[in-house]
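Working notes, beginning with the structure itself.
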Ligand code: FES
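Residue numbers (the numbering used here): 26 to 109.
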C-alpha cells in the first residue's frame, strides 16, 4: 500500500491508484475533477517521484512535479506528503 499524508494525517492508497479519494479524506477541495479548474492544486512536499508523470491537463495548467492537480495523479508506490 502507498500512503498519502499531510503534517498530521495519513491515508493508505492502493499502489497505482488515483489519489483523489485520499485527498478528499485529507480535506483537499475539488471542483471539475477533470483537470481544468485548478481547484484541487496541491504542493508536493515529499515523494514527488512516487507520483505518475504529469498529465496533458496538468501541463496545460502550468503544473510541475512539485505542484500537481490531485484529480489527475496516481501514486505508484511509497509515501507522498502534500500541502494544500
Ligand atoms: S478538480 Fe478541477 S482541476 Fe482538479
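Note that beta-carbon positions come from the ideal geometry of N, C-alpha and C, so glycine has one too.
Predicted model, so just to flag it, every value in this text is computed and none were measured.
Discussion item. Let's test the definition: count the other Cβ atoms within 10 Å of the Cβ of residue 88 and tell me whether it reaches 16, buried, or not, exposed.
Written reply: buried
Worksheet entry | Where residue 69 falls, given that 16 or more other Cβ within 10 Å makes a residue buried | buried
Worksheet item: Comparing alpha-carbon positions, which option in 67, 50, 45 and 51 lies nearest residue 58?
Response: 45
Worksheet item: Cβ of residue 79 within 7 Å of Cβ of residue 100?
Response: no
Worksheet item: What does the shell around the ligand FES hold, if a residue joins when its beta-carbon is under 5 Å from any heavy atom?
Response: 55, 56, 57, 58, 60, 62, 64, 65, 94 and 96
Fill in: Neighbourhood of residue 29 by C-beta, 6 Å cutoff - its chain only, sequence neighbours within 5 removed
36, 38, 44, 47 and 105
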